DNA sequence: GGTCATCGTGAGAGCGCTCTCACAGTCACG
DNA sequence: CGTGACTGTGAGAGCGCTCTCACGATGACC
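Protein chains in written order, with the working numbering: chain A, 5 to 347; chain B, 5 to 347.
1. Using 7 Å as the threshold, is the C-beta distance between residue 234 of chain A and residue 183 of chain A below it?
2. For residue 178 of chain B, collect the residues of the same chain with a Cβ closer than 6 Å to its Cβ; drop the 5 residues on either side in sequence, then sort them by chain order.
3. What would DSSP say about residue 330 of chain B, mapped onto helix, strand or coil?
4. Given a cut-off of 7 Å on the beta-carbon distance, is the pair residue 220 of chain B and residue 243 of chain B in contact?
5. Where does the unbroken beta strand (DSSP E) through residue 302 of chain A begin, and where does it stop?
6. If the cut-off is 7 Å on Cβ atoms, which residues from the region 40-66 of chain A count as contacting chain B, listed in chain order?
7. Any idea what DSSP makes of residue 11 of chain B, helix, strand or coil?
8. Let me know if residue 23 of chain A comes out buried or exposed under the rule of 16 or more other beta-carbons within 10 Å of its beta-carbon.
9. Residue 265 of chain A and residue 250 of chain A: beta carbons closer than 7 Å?
10. CB-CB under 6 Å to residue 99 of chain B, same chain, minus the five flanking residues each way: which ones, in chain order?
11. Rounded C-beta distance between residue 341 of chain A and residue 300 of chain A? I'm assuming under 8 Å.
12. Thinking just about the alpha-carbon of each residue, which of A:156, A:149 and A:175 is nearest to the one in residue 4 of chain A?
13. Indicate whether residue 383 of chain A and residue 346 of chain B have their beta-carbon atoms separated by less than 7 Å.
14. Step through the CB atoms of chain A and report whether any lies within less than 7 Å of the CB of residue 232 of chain B.
15. Thinking residue 135 of chain A and residue 75 of chain A are a contact (beta carbons under 8 Å), I'd like their distance in whole angstroms, please.
16. Check whether the Cβ atoms of residue 57 of chain A and residue 121 of chain A sit closer than 7 Å, and answer yes or no.
17. For a test of the three-state rule: what should DSSP assign to residue 348 of chain B, helix, strand or coil?
18. Grouping DSSP H, G and I as helix and E and B as strand, with all else coil, what is residue 342 of chain B?
19. Give me the Cα-Cα distance between residue 9 of chain A and residue 154 of chain B, rounded to the nearest whole angstrom.
20. Counting contacts by CB-CB distance shorter than 7 Å, is residue 263 of chain B in contact with chain A?
21. Check each residue of the region 141-157 of chain A: if its Cβ is closer than 7 Å to any Cβ of chain B, include it; give the result in chain order.
22. Residues of the region 101-123 of chain B in Cβ contact with chain A at a cutoff of 9 Å, in chain order, please.
23. Suppose the cutoff is 8 Å on Cβ atoms and the five residues either side in sequence are ignored; what does the same chain contact list for residue 276 of chain A look like?
24. So, is the C-beta of residue 344 of chain A closer than 7 Å to a C-beta in chain B?
25. Is the beta carbon of residue 157 of chain A closer than 7 Å to that of residue 112 of chain A?
26. For residue 261 of chain B, does the three-state DSSP call read helix, strand or coil?
27. How big is the Cα-Cα spacing for residue 254 of chain A and residue 261 of chain B?
28. Give me, in chain order, the residues of the same chain whose beta-carbon lies closer than 6 Å to that of residue 11 of chain A; leave out the 5 immediate sequence neighbours on both sides.
29. Shorter than 7 Å from the beta carbon of residue 129 of chain B to some beta carbon of chain A?
30. Looking at chain A, is there any beta carbon in it that lies within less than 7 Å of the beta carbon of residue 183 of chain B?
31. So if DSSP puts residue 169 of chain A in a beta bridge, which residue, or which two residues, is it bridged to?
32. Quick one: is residue 11 of chain A near chain B, going by C-beta distance under 7 Å?
33. Counting along the chain, where does the alpha helix (DSSP H) carrying residue 129 of chain B start and finish?
34. Here's the rule I'm using: 16 or more other beta-carbon atoms within 10 Å means buried, otherwise exposed. How should residue 152 of chain A be labelled?
35. Is there at least one Cβ from chain A nearer than 7 Å to residue 295 of chain B's Cβ?
36. Is the distance from the Cβ of residue 52 of chain A to the Cβ of residue 25 of chain A below 7 Å?
Structure, rendered in structure tokens:
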């Protein structure tokens, strides 16, 4: 035969006939219901194997009113911002965790308001069992809207409002560990290049910087703080301004590796040796950090783990609706390289 | 009421009742069938609006035997290799094109053999209407397998075998334009750092280098050719070897920006000025190229467009099965920056 | 005015599955 | 031995939709 129906596969009915049992029994075996006799189970399993039976998801969904799929929403700006592969890594974590549960990942990448409306309609229609939102620029009304409609949502990254489950990396703690490391390395004037303050990671990393200085009894000097936009060029320009304003700085904590690379360029242009004159620590531990010269110390984030944890939280929320929102903060760890060698 | 069923929404039946027509008529209106009277159509549209009716995909799929979804398969190594955001960009293109057709994107990221088997089972079951495979390291038996089963497949990047539709970027042409640009800039000894030769982009870019030299009547000097692995460190080491072996080189075409950055580091270490002593052109036009110092010329690839074109091809193949495979090669364009200023 | 195509519409079957309910069989208990 | 609990199984309804077929109404044509 030519076109052996792609959608082909056998049906429950056929399996039942071959195994000499009812459809109901086959369904029980397939779905792992324990109240099935030994003989029947064996017969069904043999028949399933012989026919290469795979359940039809549509038929199942129709009656269970579950889709066995999870929507992952990645709004426009998020995919762009990062030079390092943040986005693929979260997806990998999510994909992993979903595969274990035999659930499907439906990816939605709205661009522009029209698209966002479409996405919202799609989600509101209940076409997915739950929603994971990977958003790093806060202020998205989507999660709250969906939750109001009774749809489970988990956000990746700290959302601005409360009331929604989320998983975040310990940005504050990570920043703190970087700054502490610089201080312990004998640095006296530790500057920082922060990220945009309307983005939670930007704000939280700066908070970690402040906190650590104050714990260490160091005064916070405004001249040692610059805010940039998480880009390479932004980091370069910020470092240049810092050098001009505070020529005596001897260390800098940069809130992203990409900015860190830019900062490195500015330091070289200003003929400051790294790490001899100025130590530098980045954030993200992207591949760039390792291959910079000198190799750049950086705060590593468990990004895949974030995806996995988001998924776990979501599945729990789907299975036990109505529970209060939860949050999970994942530890970072500092990877020390040459750029922050002690004085 | 408390739990206002998330999956709620109205049914065709209810819409039909409200509009005073049959279910069939509602179905026709919803699916854009033109043979419906003006009055009936208006009544249905009003009812749909009033009830906020959204068709149930599962029910529809069950009868049409279409899923209105497309699977995108990204095998393990592909997501990792690239420092620049190749992978999110293809996805964005695909997502875009699918959204226009109201189709869903199901993302599959198998890791390891067990996962790949699961993916294959899923696809073979016909749970998606077609498959897009984004693979850059060739030699995957999946596309051929699926096609044999009568499932539409389109591959992103040139696959090693024939017989499968694919969309690729004109790697050869892009490399040629880069090399031509260097020659026209007055460079006499143009070297290259190629990518792995078992990856089609690696091989094709090197072919473009060869081709252009021969067209220009230049001898191909084996000492001017190094193969690396698309990483920063690989590029650096390769450049170092080139300088040692052919100290008189005055230009280098590097098959990826990440390697190009590495090469830049090696050139600086060897105290060769860019572009005065040595000109350099990369490939990918990633954000890194722009922010390098000096800013690096690079071959830009239309990656989103690749995703869109893959989707178009796939949808055509789904709608008209049995047509012969097609291939689409997308043009690149050279972005000239400081690193390759003429002598 | 009869014949035939065309158009708009409705009735009804059925996609493949789950799940409730009923029922026969088995066993423990009084 | 009757009663009740429990276990394994099957019959059958029905999830929401599409699509075929049939049918009445309309208009074109001879």
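Just so you know, even glycine gets a beta-carbon here, dropped at the ideal spot from N, CA and C. This one's a predicted model, so the numbers in the text were calculated from it and none came from an experiment.
If we stick to the structure as given:
1. For this step, residue 234 of chain A is matched to residue 230 along the first chain. For this step, residue 183 of chain A is matched to residue 179 along the first chain. No.
2. The residue labelled residue 178 of chain B in the question sits at position 174 within the second chain. Excluding positions up to five away in sequence, the list reads 303 and 336.
3. Against the second chain, residue 330 of chain B aligns to sequence position 326. If DSSP states are grouped into helix, strand and coil, residue 330 of chain B belongs with coil.
4. Here residue 220 of chain B refers to the residue found at position 216 of the second chain. Here residue 243 of chain B refers to the residue found at position 239 of the second chain. Against a cut-off of 7 Å, the Cβ pair of residue 243 of chain B and residue 220 of chain B comes out as no contact.
5. Here residue 302 of chain A is taken as the residue at index 298 of the first chain, counted from 1. Where residue 302 of chain A is concerned, the enclosing beta strand (DSSP E) stretches over 301-304.
6. 58, 61, 62, 63, 65 and 66
7. Counting from 1 along the second chain, the entry for residue 11 of chain B is found at position 7. Residue placement at residue 11 of chain B is poorly supported in this model, since its pLDDT is 45, which falls under 50; the coordinates are not used for a value here.
8. Taking the first chain and counting its residues from 1, one reaches residue 23 of chain A at position 19. Buried, since its Cβ has 16 or more Cβ neighbours within 10 Å.
9. Sequence index remark: in the first chain, residue 265 of chain A carries index 261 (1-based). Sequence index remark: in the first chain, residue 250 of chain A carries index 246 (1-based). No.
10. Taking the first residue of the second chain as position 1, residue 99 of chain B is located at position 95. Only 109 meet the Cβ criterion.
11. Within the first chain, residue 341 of chain A is the residue found at index 337, counting from 1. Within the first chain, residue 300 of chain A is the residue found at index 296, counting from 1. Their Cβ separation, rounded to whole angstroms, is 6 Å, which keeps residue 341 of chain A and residue 300 of chain A in contact under 8 Å.
12. As displayed, chain A neither begins before 5 nor continues past 347, which places residue 4 of chain A out of reach and without an answer.
13. Nothing can be reported for residue 383 of chain A: it is not among the residues displayed for chain A, which extend from 5 to 347.
14. Indexing the second chain from 1 puts residue 232 of chain B at position 228. No, because no Cβ of chain A sits closer than 7 Å to the Cβ of residue 232 of chain B.
15. Taking the first chain and counting its residues from 1, one reaches residue 135 of chain A at position 131. Taking the first chain and counting its residues from 1, one reaches residue 75 of chain A at position 71. Between residue 75 of chain A and residue 135 of chain A the Cβ distance is about 5 Å, and since that is below 8 Å, they are a contact.
16. Residue mapping note: residue 57 of chain A aligns to position 53 of the first chain, counting from 1. Residue mapping note: residue 121 of chain A aligns to position 117 of the first chain, counting from 1. Cβ distance not < 7 Å, so residue 57 of chain A and residue 121 of chain A don't count as in contact.
17. Beyond the ends of chain B as shown, which are 5 and 347, falls residue 348 of chain B; an answer cannot be given.
18. Here residue 342 of chain B corresponds to residue number 338 of the second chain, with the count starting at 1. In this structure, residue 342 of chain B counts as helix in the three-state DSSP scheme.
19. Translated into positions along the first chain, residue 9 of chain A becomes position 5. Translated into positions along the second chain, residue 154 of chain B becomes position 150. Reliability of the predicted coordinates at residue 9 of chain A is poor, the pLDDT of 37 falling under 50, and the value obtained from them is presented with this limitation in mind. C-alpha separation (whole angstroms): 7 Å.
20. For the purposes of this step, residue 263 of chain B is taken as residue 259 along the second chain, with counting starting at 1. No, because no Cβ of chain A sits closer than 7 Å to the Cβ of residue 263 of chain B.
21. 153, 154 and 155
22. 103, 106, 108, 109, 110, 111, 112, 113, 114, 115, 119, 122 and 123
23. In the first chain, the residue the question calls residue 276 of chain A occupies position 272. 247 and 282.
24. Stepping through the first chain from its first residue, residue 344 of chain A is reached at position 340. No, its Cβ sits nowhere closer than 7 Å to a Cβ of chain B.
25. Position 108 of the first chain, counted from the start, is the residue given in the question as residue 112 of chain A. Position 153 of the first chain, counted from the start, is the residue given in the question as residue 157 of chain A. The answer is no: Cβ separation not under 7 Å.
26. Along the second chain, one-based indexing puts residue 261 of chain B at 257. Helix at residue 261 of chain B.
27. Counting from one through the first chain, the residue named residue 254 of chain A turns up at place 250. Counting from one through the second chain, the residue named residue 261 of chain B turns up at place 257. Rounded to whole angstroms, residue 254 of chain A to residue 261 of chain B spans 32 Å at the Cα level.
28. On the first chain, position 7 is the one that residue 11 of chain A refers to. Per-residue confidence for residue 11 of chain A stands at a pLDDT of 45, beneath the threshold of 50, marking its modelled position as unreliable; no derived number is given.
29. The residue you call residue 129 of chain B lines up with position 125 of the second chain. Yes, residue 129 of chain B lies at the interface with chain A (some Cβ there is under 7 Å from its Cβ).
30. To locate residue 183 of chain B, count along the second chain from 1; it is residue 179. Answer no: the Cβ-Cβ gap between residue 183 of chain B and chain A never drops below 7 Å.
31. Indexing the first chain from 1 puts residue 169 of chain A at position 165. In the DSSP output, where bridge partners are listed per residue, residue 169 of chain A has A:158.
32. Translated into the one-based positions of the first chain, residue 11 of chain A becomes position 7. Residue placement at residue 11 of chain A is poorly supported in this model, since its pLDDT is 45, which falls under 50; the coordinates still yield a value, given next. Taking Cβ atoms only, chain B reaches closer than 7 Å to residue 11 of chain A, which makes this a yes.
33. By 1-based counting over the second chain, the position of residue 129 of chain B is 125. Segment: none, residue 129 of chain B is in no alpha helix (DSSP H) and carries neither H nor E.
34. Translated into positions along the first chain, residue 152 of chain A becomes position 148. Its Cβ having fewer than 16 others within 10 Å, residue 152 of chain A is exposed.
35. Walking along the second chain from the start, residue 295 of chain B turns up at place 291. Judged by the 7 Å Cβ criterion, residue 295 of chain B is in contact with chain A.
36. Numbered from 1 along the first chain, position 48 holds the residue referred to as residue 52 of chain A. Numbered from 1 along the first chain, position 21 holds the residue referred to as residue 25 of chain A. Their beta carbons are not under 7 Å apart, which means residue 52 of chain A does not touch residue 25 of chain A by this criterion.
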